[in-house]
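So the structure is just underneath, and the comments pick up after that.
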Amino acid sequence: MTNLAPTDPGPRSDANWAKPVDRLSASGVAGARDDAVSGRRVSGPLQGFGQLWQKTFKAPLTGVDTTPEAVIAVWKDAFPTFWPKGQRFYAPLSGIKPGEVALLELSPVPGAPVKLSTGVMVLYADDESFTFMTPEGHTLSAWITFSAYREGGVTTVQAQALERPSDPFDELAYLLGGNRMNNTFWRQTLENLARHVGVIEPVVETQIVCIDKHRQWRHVGNLRNSATVRSARRTMTAPLRWITGKG
Amino acid sequence: MTAMTILVTRDGDAGVLHIAGDITSGSEPDLMKAYSQASDSGATAIILDFSALDYMNSGGIGLLVTLLVRAQRAGQRLMAVGLSDHYRQILSLTRLDEAIEIHDDEAAALAAVTA
Numbered sequence: 001m002t003n004l005a006p007t008d009p010g011p012r013s014d015a016n017w018a019k020p021v022d023r024l025s026a027s028g029v030a031g032a033r034d035d036a037v038s039g040r041r042v043s044g045p046l047q048g049f050g051q052l053w054q055k056t057f058k059a060p061l062t063g064v065d066t067t068p069e070a071v072i073a074v075w076k077d078a079f080p081t082f083w084p085k086g087q088r089f090y091a092p093l094s095g096i097k098p099g100e101v102a103l104l105e106l107s108p109v110p111g112a113p114v115k116l117s118t119g120v121m122v123l124y125a126d127d128e129s130f131t132f133m134t135p136e137g138h139t140l141s142a143w144i145t146f147s148a149y150r151e152g153g154v155t156t157v158q159a160q161a162l163e164r165p166s167d168p169f170d171e172l173a174y175l176l177g178g179n180r181m182n183n184t185f186w187r188q189t190l191e192n193l194a195r196h197v198g199v200i201e202p203v204v205e206t207q208i209v210c211i212d213k214h215r216q217w218r219h220v221g222n223l224r225n226s227a228t229v230r231s232a233r234r235t236m237t238a239p240l241r242w243i244t245g246k247g
Numbered sequence: 001m002t003a004m005t006i007l008v009t010r011d012g013d014a015g016v017l018h019i020a021g022d023i024t025s026g027s028e029p030d031l032m033k034a035y036s037q038a039s040d041s042g043a044t045a046i047i048l049d050f051s052a053l054d055y056m057n058s059g060g061i062g063l064l065v066t067l068l069v070r071a072q073r074a075g076q077r078l079m080a081v082g083l084s085d086h087y088r089q090i091l092s093l094t095r096l097d098e099a100i101e102i103h104d105d106e107a108a109a110l111a112a113v114t115a
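Residue numbers (the working numbering), protein chains in the order written: chain Y, 1 to 247; chain H, 1 to 115.
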């Protein structure tokens, strides 16, 4: 395991929070399209359309002698490597720091021809946790916090999401399997992290709670920003753009 | 880290939570208990007084969403007073200020409740 010294501001510093920003810019991230993120506002659980869920995944690092700070340093440093295969996370050049933007390319289902291009902003980061917030157009209007803490004498890693599907299509996809895939995604991520730091057989505990079963019809207009729709349109029109030389 | 304490008072139709110390995800039981206490007597508004807040991390901000949902479900307005410039910016950045009414102090919030 890599043991990195924490380099973030103190655990109670105002600098742990992103600076106020009206529109996101991902122009400094190499490797992926940034048009799904740049120029967009962030969108949290209040701005989504679907039901509000709180999901908590945690894995005790049983048998590993480490600290929350050391694990979080590793997690930040190699975040993309813990994602399940087929999903891409393009980290900001300066690392996972408050206010930085990362780009994502996600497969809606394994082997799908359409890749969903989107991103996240680092809302908060200290030496024991960090939080991402989604931009408008992302399938989920969400915050997700990654943390590590001591519980029962064991360092435990956790991913906790507060999320609503962003628009009616996203809500439907969520109900038809997106929710389950999302759970699998985070369970696998924690398993990969736990194995990386030395856990032989990781065990991930899951707690899922519906915080608000109501749908927010006032946000039905989020459809106009949908990254899913944009990504599908881009994929379908790729041959035309290739023929006309505008690709 | 400073332990969080909450003093619950009643002012007219509003229940007021005077919060001191740090708010983190570990504050959930105390915050929800205080909210229930403030709501017990039929408050139509809940005022969160942050003037003695020391620190709030992203877990604490997440609790405000949960609290907001509970308040909305109960038909209550959720208000915040006594926020420093930094936490005003955080509520704006996270777009919580689109649903949580922000006032300078308790008197201004109460005036809005009765208006």
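Note that beta-carbon positions come from the ideal geometry of N, C-alpha and C, so glycine has one too. Note that the structure is predicted; figures quoted are calculated from it, not measured.
By Cβ distance below 7 Å, which residues in the same chain neighbour residue i in space, the five residues on each side in sequence not counted?
{"i": "Ala-102 (chain Y)", "result": "Val-29, Phe-89, Tyr-90, Ala-91, Pro-92, Gly-119, Val-120"}
{"i": "Ala-125 (chain Y)", "result": "Asp-8, Asn-16, Ile-96, Lys-97, Pro-98"}
{"i": "Pro-165 (chain Y)", "result": "Gly-48, Phe-49, Gly-50, Thr-139, Leu-140, Glu-171, Tyr-174"}
{"i": "Phe-79 (chain Y)", "result": "Phe-89, Ala-91, Ile-96"}
{"i": "His-219 (chain Y)", "result": "Gln-47, Gly-48, Phe-49"}
{"i": "Ala-26 (chain Y)", "result": "Asp-34, Val-37, Ser-38, Val-101, Leu-103, Gly-119"}
{"i": "Val-199 (chain Y)", "result": "Leu-61, Thr-62, Gly-63, Val-64"}
Which chain A residues are close to residue i, counting only those with a beta carbon under 7 Å from its beta carbon?
{"i": "Gly-44 (chain Y)", "result": "Considering every chain present, this structure includes no chain A. Its protein chains are Y and H."}
Checking contacts by CB at 8 Å: is residue i closer than that to chain H?
{"i": "Trp-17 (chain Y)", "result": "yes"}
{"i": "Pro-80 (chain Y)", "result": "no"}
{"i": "Thr-7 (chain Y)", "result": "Reliability fails at Thr-7 (chain Y), whose pLDDT of 45 lies under 50, so the model's placement of it is uncertain and the value that follows must be treated cautiously. By this cut-off, Thr-7 (chain Y) is not an interface position."}
{"i": "Trp-143 (chain Y)", "result": "yes"}
{"i": "Arg-215 (chain Y)", "result": "no"}
{"i": "Leu-123 (chain Y)", "result": "yes"}
{"i": "Asp-167 (chain Y)", "result": "no"}
{"i": "Leu-190 (chain Y)", "result": "no"}
{"i": "Ile-72 (chain Y)", "result": "no"}
{"i": "Pro-60 (chain Y)", "result": "no"}
To which residues of the same chain is residue i closer than 8 Å at the C-beta, ignoring the five residues directly before and after it?
{"i": "Val-81 (chain H)", "result": "Ile-47, Leu-48, Asp-49, Phe-50, Ser-51, Ile-102, His-103, Asp-104, Asp-105, Glu-106, Ala-108, Ala-109"}
{"i": "Val-197 (chain Y)", "result": "Met-1, Leu-61, Val-64, Thr-66, Val-71, Val-74"}
{"i": "Ser-129 (chain Y)", "result": "Ile-72, Thr-145, Phe-146, Ser-147, Ala-148"}
{"i": "Leu-4 (chain Y)", "result": "With a pLDDT of 39 at Leu-4 (chain Y), under the threshold of 50, the modelled position of this residue cannot be trusted, and the question is left open."}
{"i": "Gly-12 (chain H)", "result": "Leu-110, Val-113, Thr-114"}
{"i": "Arg-187 (chain Y)", "result": "Phe-57, Val-204, Thr-206"}
{"i": "Tyr-87 (chain H)", "result": "Phe-50, Leu-53, Met-56"}
Return yes when the Cβ of residue j is within less than 8 Å of the Cβ of residue i, no when it is not.
{"i": "Met-79 (chain H)", "j": "Ala-34 (chain H)", "result": "no"}
{"i": "Ile-23 (chain H)", "j": "Gly-60 (chain H)", "result": "yes"}
{"i": "Pro-139 (chain Y)", "j": "Thr-228 (chain Y)", "result": "For the record, residue 139 (chain Y) in the displayed sequence is Thr; it is not Pro. A contact, by the Cβ cut-off of 8 Å."}
{"i": "Ala-20 (chain H)", "j": "Met-1 (chain H)", "result": "no"}
{"i": "Asn-192 (chain Y)", "j": "Phe-82 (chain Y)", "result": "yes"}
{"i": "Thr-66 (chain H)", "j": "Ile-211 (chain Y)", "result": "yes"}
{"i": "Gln-76 (chain H)", "j": "Ala-43 (chain H)", "result": "yes"}
{"i": "Ala-36 (chain Y)", "j": "Arg-230 (chain Y)", "result": "yes"}
{"i": "Leu-64 (chain H)", "j": "Ser-27 (chain H)", "result": "no"}
{"i": "Ile-100 (chain H)", "j": "Leu-68 (chain H)", "result": "yes"}
{"i": "Val-114 (chain Y)", "j": "Thr-237 (chain Y)", "result": "no"}
{"i": "Arg-195 (chain Y)", "j": "Pro-68 (chain Y)", "result": "no"}
{"i": "Ser-39 (chain H)", "j": "Ala-14 (chain H)", "result": "no"}
Using C-beta distances below 6 Å, list every residue in its chain close to residue i, excluding the 5 sequence neighbours before and after it, in chain order.
{"i": "Asp-97 (chain H)", "result": "Leu-91"}
{"i": "Pro-29 (chain H)", "result": "none"}
{"i": "Leu-162 (chain Y)", "result": "Pro-45, Gln-54, Trp-143"}
{"i": "Thr-9 (chain H)", "result": "Val-16"}
{"i": "Ser-25 (chain H)", "result": "Gly-59"}
{"i": "Gln-216 (chain Y)", "result": "Phe-49"}
{"i": "Leu-52 (chain Y)", "result": "Pro-45, Arg-164, Ile-211, Asp-212"}
{"i": "His-18 (chain H)", "result": "Leu-7, Asp-49"}
{"i": "Met-118 (chain H)", "result": "With chain H running from 1 to 115 in the structure shown, residue 118 (chain H) is simply not present."}
{"i": "Leu-31 (chain H)", "result": "Leu-63"}
Within the 8 Å Cβ cut-off, does residue i reach chain Y?
{"i": "Tyr-35 (chain H)", "result": "no"}
{"i": "Ala-38 (chain H)", "result": "no"}
{"i": "Gln-89 (chain H)", "result": "yes"}
{"i": "Ala-115 (chain H)", "result": "no"}
{"i": "Val-69 (chain H)", "result": "yes"}
{"i": "Gly-21 (chain H)", "result": "no"}
{"i": "Gly-82 (chain H)", "result": "no"}
{"i": "Glu-192 (chain H)", "result": "No statement about residue 192 (chain H) is possible, as the shown extent of chain H runs from 1 to 115 and does not include it."}
{"i": "Thr-66 (chain H)", "result": "yes"}
{"i": "His-18 (chain H)", "result": "no"}
{"i": "Glu-28 (chain H)", "result": "no"}
{"i": "Gly-59 (chain H)", "result": "yes"}
{"i": "Gly-42 (chain H)", "result": "no"}
{"i": "Gly-62 (chain H)", "result": "yes"}
Assuming the contact rule is C-beta atoms closer than 8 Å, residue i and residue j should be a hit. Round their C-beta distance to whole Å, please.
{"i": "Thr-189 (chain Y)", "j": "Pro-84 (chain Y)", "result": "7 Å"}
{"i": "Arg-41 (chain Y)", "j": "Glu-136 (chain Y)", "result": "5 Å"}
{"i": "Arg-33 (chain Y)", "j": "Ser-94 (chain Y)", "result": "With a Cβ gap of about 20 Å, Arg-33 (chain Y) and Ser-94 (chain Y) do not count as contacting."}
{"i": "Pro-11 (chain Y)", "j": "Leu-93 (chain H)", "result": "About 20 Å separates the two Cβ atoms, so there is no contact after all."}
{"i": "Leu-123 (chain Y)", "j": "Ala-18 (chain Y)", "result": "5 Å"}
{"i": "Ala-59 (chain Y)", "j": "Val-209 (chain Y)", "result": "Incorrect: roughly 19 Å between the Cβ atoms, too far for contact."}
{"i": "Ser-226 (chain Y)", "j": "Phe-185 (chain Y)", "result": "Contact flag wrong, Cβ pair sits at about 20 Å."}
Length at least 3, wholly inside the segment 15-93 of chain Y: the beta strand (DSSP E) runs in chain order: Counting whole runs of 3 or more residues, the segment 15-93 of chain Y contains the beta strand (DSSP E) stretches 52-60, 88-90.
In chain order, what are the residue ranges of uninterrupted beta strand (DSSP E) at least 3 long that sit wholly in the segment 30-93 of chain H? Runs of the beta strand (DSSP E) lying entirely within the segment 30-93 of chain H, each at least 3 residues long, are 45-56, 77-81 in chain order.
May I have a chain-ordered list of the alpha helix (DSSP H) segments no shorter than 4 residues that lie completely inside the segment 140-193 of chain Y? Scanning the segment 140-193 of chain Y for uninterrupted alpha helix (DSSP H) segments of 4 residues or longer gives 168-173, listed from N- to C-terminal end.
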